[in-house]
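My numbering numbers the first residue of the sequence shown as 2 and each following residue consecutively. Built from N, CA and C at the ideal position, the CB exists for glycine as well. Just below is one structure, and these are the notes that go with it.
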Amino acid sequence: MLKVSYQEDEIKQMIDAVVKKTMTMDLEWSWSCGVAYYGIAKAYELTKKQEYLELLKDRIDEYMELGLPDFNVNACAMGHVLISLYEATGEEKYWEVVMEKVDYIRNHALRFGDGVLQHTVSANNDFPEQAWADTLFMAAFFLLRVGIHNDDKELIEDALNQYYWHIQYLQDEKTSLWYHGYNNIEKSHMSGFYWGRANAWAAYTMSQVGKRLPECYLYPKYLEVECALRDQLAAIKLLQTDNGLWRTILDDEESYEEVSASCGIAAAMLEGRNPLHSKYVQKALKGICNNISEDGRVLNVSGGTAVMRDREGYLSVPKKWMQGWGQGLALAFLCALLENDKIKG
Numbered sequence: 002m003l004k005v006s007y008q009e010d011e012i013k014q015m016i017d018a019v020v021k022k023t024m025t026m027d028l029e030w031s032w033s034c035g036v037a038y039y040g041i042a043k044a045y046e047l048t049k050k051q052e053y054l055e056l057l058k059d060r061i062d063e064y065m066e067l068g069l070p071d072f073n074v075n076a077c078a079m080g081h082v083l084i085s086l087y088e089a090t091g092e093e094k095y096w097e098v099v100m101e102k103v104d105y106i107r108n109h110a111l112r113f114g115d116g117v118l119q120h121t122v123s124a125n126n127d128f129p130e131q132a133w134a135d136t137l138f139m140a141a142f143f144l145l146r147v148g149i150h151n152d153d154k155e156l157i158e159d160a161l162n163q164y165y166w167h168i169q170y171l172q173d174e175k176t177s178l179w180y181h182g183y184n185n186i187e188k189s190h191m192s193g194f195y196w197g198r199a200n201a202w203a204a205y206t207m208s209q210v211g212k213r214l215p216e217c218y219l220y221p222k223y224l225e226v227e228c229a230l231r232d233q234l235a236a237i238k239l240l241q242t243d244n245g246l247w248r249t250i251l252d253d254e255e256s257y258e259e260v261s262a263s264c265g266i267a268a269a270m271l272e273g274r275n276p277l278h279s280k281y282v283q284k285a286l287k288g289i290c291n292n293i294s295e296d297g298r299v300l301n302v303s304g305g306t307a308v309m310r311d312r313e314g315y316l317s318v319p320k321k322w323m324q325g326w327g328q329g330l331a332l333a334f335l336c337a338l339l340e341n342d343k344i345k346g
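Pasting the structure below:
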């Protein structure tokens with residue numbers, strides 16, 4: 002069993018601070034907000050603190066009253082909090098928007114090849130025939146959750162198909178690390194770097210499949226996910242820095258340590274519950290906690306990052322500002338930490 006030492010009260014206080022700090026942010030209906038509120042929803046599900054649920058409900062209700070923007074793949078990340086709100090309250094208005102997002106992904110989102118979702122950040126054709134690791138959190142994981150909730154085998158298969166093809170396109174068979182993106186027109190990984198947060202999106206979302214999907218072993222494409230995650234984590238643990246973190250370019254010792262990637266990777270290790278990862282998670286815990294301020298701001302999180310043209314592009318992305326994805330992935334890690342001990346118990 003994976004073992005990590007910590008003070009439960011301190012972790013709960015840290016979760017509380019991160020939740021409250023996150024809710025001070027004026028996040029719009031997009032991926033940043035989606036990841037942030039996914040983390041807060043996890044905090045509610047773990048602690049059952051009604052305050053967290055009310056904070057989410059009030060904010061989402063306000064968004065819905067103001068009117069929602071056009072859908073895109075990135076913004077489908079908001080579907081996660083809608084699922085959680087529906088499960089917690091039973092209010093159909095949240096599920097209606099969930100299914101609107103599913104309809105968009107099924108019938109309107111741009112695809113290429115064998116039904117692979119093209120990554121989009123607006124209503125435009127942003128990145129023609131490009132697959133990004135980000136899509137796994139924003140859309141594939143969302144589809145999986147809805148498919149499981151509705152017992153919709155077609156939707157589950159579509160979600161697993163996204164995982165399958167993103168693994169084929171983005172995971173390097175030699176290193177088991179993930180590239181940021183793949184261009185199907187050029188048949189290339191573009192600049193071809195192992196971006197830290199791409200690896201976090203991949204690892205964390207893959208760790209959720211077996212945990213959530215009933216009889217996952219009966220789906221052949223799940224077996225691909227299981228093996229891809231196993232090999233990725235075995236490789237990525239060796240790139241952890243002395244501070245317990247991972248870098249924004251994983252194998253580049255001159256690139257800066259990046260906390261959102263570190264949270265996602267460490268959370269995936271916790272979700273996988275491999276006892277051999279205990280020492281890496283323990284080390285990550287210290288590094289991550291050292292980067293969370295007393296008032297709940299997650300520090301050293303890189304800004305929004307496209308598939309950059311070159312190494313300097315990645316190294317120059319600022320890490321000064323508070324970001325929704327940093328807040329949300331930190332909460333995912335801290336909640337997975339507490340959840341691991343609940344399961345042990």
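Measure the alpha-carbon distance for residue i versus residue j and round it to whole angstroms.
{"i": "Gly346", "j": "Gly211", "result": "For Gly346, the pLDDT reaches just 45, beneath the cut-off of 50, and the residue's location in the model is therefore unreliable, although a value from the coordinates is still provided. Rounded to the nearest angstrom, the two C-alpha atoms are 20 Å apart."}
{"i": "Lys222", "j": "Tyr183", "result": "20 Å"}
{"i": "Cys290", "j": "Lys22", "result": "15 Å"}
{"i": "Leu230", "j": "Ala160", "result": "16 Å"}
{"i": "Thr176", "j": "Leu67", "result": "47 Å"}
{"i": "Asp311", "j": "Tyr87", "result": "42 Å"}
{"i": "Ala110", "j": "Leu57", "result": "27 Å"}
{"i": "Ala201", "j": "Lys43", "result": "17 Å"}
{"i": "Asn73", "j": "Trp30", "result": "11 Å"}
{"i": "Gln163", "j": "Glu340", "result": "27 Å"}
{"i": "Gly325", "j": "Glu225", "result": "30 Å"}
{"i": "Lys13", "j": "Ala134", "result": "30 Å"}
{"i": "Leu335", "j": "Phe128", "result": "34 Å"}
{"i": "Leu286", "j": "Cys77", "result": "30 Å"}
{"i": "Ala174", "j": "Gln233", "result": "Ala is not the amino acid found at residue 174; the sequence shown has Glu there. Spanning the two alpha carbons is a distance of roughly 10 Å."}
{"i": "Lys4", "j": "Lys284", "result": "12 Å"}
{"i": "Asp59", "j": "Leu178", "result": "40 Å"}
{"i": "Met65", "j": "Lys94", "result": "9 Å"}
{"i": "Val82", "j": "Tyr39", "result": "5 Å"}
{"i": "Leu251", "j": "Tyr195", "result": "6 Å"}
{"i": "Gly35", "j": "Met26", "result": "13 Å"}
{"i": "Leu171", "j": "Phe138", "result": "15 Å"}
{"i": "Val308", "j": "Ala203", "result": "15 Å"}
{"i": "Ala267", "j": "Asn151", "result": "30 Å"}
Tell me residue i's beta-bridge partners as DSSP assigns them.
{"i": "Glu258", "result": "Arg248"}
{"i": "Val117", "result": "Phe113"}
{"i": "Trp196", "result": "Ile250"}
{"i": "Gln172", "result": "Trp179"}
{"i": "Trp133", "result": "Gly182"}
Which class does residue i belong to by DSSP, given the choice of helix, strand or coil?
{"i": "Phe128", "result": "coil"}
{"i": "Lys273", "result": "Going by the sequence as given, residue 273 is Gly instead of Lys. Looking at Gly273 - three-state DSSP - the assignment turns out to be helix."}
{"i": "Trp202", "result": "helix"}
{"i": "Cys290", "result": "helix"}
{"i": "Trp179", "result": "strand"}
{"i": "Asn301", "result": "coil"}
{"i": "Gly346", "result": "Reliability of the predicted coordinates at Gly346 is poor, the pLDDT of 45 falling under 50, and no value is obtained from them."}
{"i": "Asn75", "result": "helix"}
{"i": "Ser317", "result": "coil"}
{"i": "Ser31", "result": "coil"}
{"i": "Ser189", "result": "strand"}
{"i": "Glu340", "result": "helix"}
{"i": "Gly68", "result": "coil"}
{"i": "Glu9", "result": "helix"}
{"i": "Tyr220", "result": "coil"}
{"i": "Ser123", "result": "coil"}
{"i": "Met1", "result": "Because residue 1 is not part of the residues shown, which for the chain are 2 to 346, the question remains open."}
{"i": "Asp152", "result": "coil"}
{"i": "Ala236", "result": "helix"}
{"i": "Asp62", "result": "helix"}
{"i": "Trp322", "result": "coil"}
{"i": "Glu52", "result": "helix"}
{"i": "Val147", "result": "helix"}
{"i": "Asp243", "result": "coil"}
{"i": "Arg310", "result": "coil"}
Let me confirm a value: residue i is counted as buried when at least 16 other C-beta atoms fall within 10 Å, else exposed. Which label applies?
{"i": "Ser261", "result": "buried"}
{"i": "Gly116", "result": "exposed"}
{"i": "Leu246", "result": "buried"}
{"i": "Arg91", "result": "Inspection of the sequence shows that residue 91 is occupied by Gly rather than by Arg. The residue in question, Gly91, is exposed, as its Cβ has fewer than 16 Cβ neighbours within 10 Å."}
{"i": "Ile186", "result": "exposed"}
{"i": "Gly304", "result": "exposed"}
{"i": "Leu332", "result": "buried"}
{"i": "Gln131", "result": "buried"}
{"i": "Tyr180", "result": "buried"}
{"i": "Ala235", "result": "exposed"}
{"i": "Trp32", "result": "buried"}
{"i": "Leu69", "result": "exposed"}
{"i": "Asn125", "result": "exposed"}
{"i": "Met15", "result": "buried"}
With respect to 7 Å, is the separation between the Cβ of residue i and the closest non-hydrogen atom of the ligand FAD below this value?
{"i": "Asp104", "result": "Ligands are entirely absent from the displayed structure, and the ligand FAD is therefore not among its contents."}
Pair every Cβ in the region 273-284 with every Cβ in the region 306-319, then say whether three or more of these pairs are closer than 8 Å. no
Is the number of C-beta pairs between the region 35-47 and the region 95-111 that are closer than 8 Å three or more? no
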